[in-house]
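Quick note: the sequence shown, position 18, residue 18 per the working numbering, numbers continuous.
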Amino acid sequence: MIKREEMIAMKAIAICFKPFLKPEEAMIYCNLGRTQFAKKCDEAKVYKSNSGYFKKEELDKMLGG
């Protein structure tokens with residue numbers, strides 16, 4: 001059986017390799033709270049796709065400045 005801590009680590013590693021992230025995953029990836037994340041996305045003009053996912057490439061650009 002997989003321990004809870006191992007499952008969390010596996011999910012975190014998986015997030016790093018996914019090209020598209022759900023909003024919750026994107027907040028974890030960016031290490032921001034919901035309000036801070038929304039504000040940064042608005043400033044950088046990063047939006048969800050029609051399917052409701054964020055492009056990891058755009059998030060990287062946003063975090064890079």
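Glycine included, every Cβ here is placed at the ideal spot set by N, Cα and C.
Just so we're clear, the structure is a prediction, and the values are computed from it rather than from any experiment.
- Between F20 and the set G64, K55 and N50, the nearest pair of CA atoms involves K55.
- For a cut-off of 8 Å, the C-beta gap from P23 to K3 is around 27 Å, too long to register as a contact.
- Under the three-state reduction of DSSP output, L59 falls in the helix class.
- Take E58, set aside five residues on each side of it, and the residues of its chain with a beta-carbon closer than 7 Å to its own are V46, in chain order.
- Nearest neighbour of M62 by Cα position, chosen from M27, A44 and A38, turns out to be A44.
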